[in-house]
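Residue numbers (my numbering): 9 to 78.
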């Protein structure tokens, strides 16, 4: 999973609500799960709330050991 292709698209509607679209291969369950967490937490939220999410929010979930930047 360390080189999994991951695609993300976002839209902000006229009312300022964020809509997120992800695509990750089925053979990458960790990446798909992380994307699902992001989607569940951020989909339909106001853009200000999405922009306020700290860069290291995943540390609190213990993901720093399995999710690393390239």
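Note that CB positions come from ideal geometry on N, CA and C, so glycine has one too.
Check: So, helix, strand or coil for residue 1, using DSSP?; Outcome: In this structure the chain extends from 9 to 78, so residue 1 is not present and cannot be described.
Check: Can you list, in chain order, the residues of its chain whose CB lies under 6 angstroms from that of residue 43, leaving out five sequence neighbours each side?; Outcome: 30 and 32
Check: Just confirm the distance between the C-beta atoms of residue 4 and residue 28, as a whole number of angstroms; I'd bet it's less than 8 angstroms.; Outcome: Coverage of the chain is limited to positions 9 through 78, which leaves residue 4 absent and any answer about it impossible.
Check: How big is the Cα-Cα spacing for residue 60 and residue 53?; Outcome: 11 angstroms
Check: Would residue 14 and residue 39 be called neighbours here (beta carbons separated by less than 8 angstroms)?; Outcome: yes
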